[in-house]
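Visitor: So that we are looking at the same thing, I have put the structure below in structure tokens.
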Amino acid sequence: MDLLALDKQLCFALAAASRSVISLYRPILEPLGLTHPQYLVMLGLWEDDGQTLGQLAKALYLEPATLSPLVKRLEASGLITRQRRAADERTVEIRLTEAGRKLRLKAVEVPVKVIAELGWSRTELEALKDTLTQLLADSTTAKGDMATRDEA
2 MDLLALDKQL
12 CFALAAASRS
22 VISLYRPILE
32 PLGLTHPQYL
42 VMLGLWEDDG
52 QTLGQLAKAL
62 YLEPATLSPL
72 VKRLEASGLI
82 TRQRRAADER
92 TVEIRLTEAG
102 RKLRLKAVEV
112 PVKVIAELGW
122 SRTELEALKD
132 TLTQLLADST
142 TAKGDMATRD
152 EA
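Take 2 as the starting number for the sequence shown in our numbering and just add one per residue.
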């Protein structure tokens with residue numbers, strides 16, 4: 002077995018599957034006026050409105066510099082607002098607008114439509130999601146362990 006064969010690489014399988022699944026989201030999100038990254042931001046805010054940019058970036062596994070342009074576009078679309086906290090002017094709080102809260106009612110169909118497109122059962126998708134969540138946790142821990150070793 003060739004360990005360097007493309008079809009044997011975990012990174013390739015994850016990247017290709019990710020691109021393919023995200024492409025299923027595009028036509029479903031288009032009527033909502035959202036891109037896939039914007040949808041993820043909205044999911045984070047629908048779950049916990051009023052987060053700081055840093056908190057939201059951490060929840061989405063993004064750098065604040067990557068998240069900031071997404072937030073600006075959502076603000077320009079009228080779905081969110083950015084406000085500096087009175088207690089600390091350096092801290093920007095992100096809140097849903099009424100339009101952003103109402104969009105959630107339409108977005109509830111997104112997962113249902115994606116599941117239908119994939120043709121997988123909810124049980125199969127839950128098992129895959131659980132496995133990927135564990136992989137994320139393990140790879141994050143491994144990355145932290147590697148950083149600690151590099152510092153030693």
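By construction, the Cβ of each residue, glycine as well, lies at the ideal position given by its N, Cα and C atoms.
Whether or not the region 60-67 and the region 11-20 are in contact is what I'm after, with contact meaning three or more pairs of Cβ atoms, one per stretch, closer than 8 Å; do they touch?
Guide: With a cut-off of 8 Å, the region 60-67 and the region 11-20 do not count as touching, because too few Cβ pairs lie within range.
Visitor: In or out: Val42 buried (at least 16 other Cβ within 10 Å) or exposed?
Guide: The residue in question, Val42, is buried, as its Cβ has 16 or more Cβ neighbours within 10 Å.
Visitor: Express the C-alpha separation of Met2 and Ala108 in angstroms, rounding to a whole number.
Guide: Going from the Cα of Ala108 to the Cα of Met2 covers about 45 Å.
Visitor: Report yes if the CB atom of Leu25 is closer than 8 Å to the CB atom of Leu119, and no otherwise.
Guide: Result yes, Cβ atoms of Leu25 and Leu119 sit closer than 8 Å.
Visitor: Would Gly51 pass as a contact of Pro65 if the rule is Cβ separation under 8 Å?
Guide: In this structure, Pro65 does not lie closer than 8 Å to Gly51 by Cβ.
Visitor: Sort out for me which residues DSSP pairs Glu64 with in a bridge.
Guide: Answer is none; Glu64 lacks a bridge partner.
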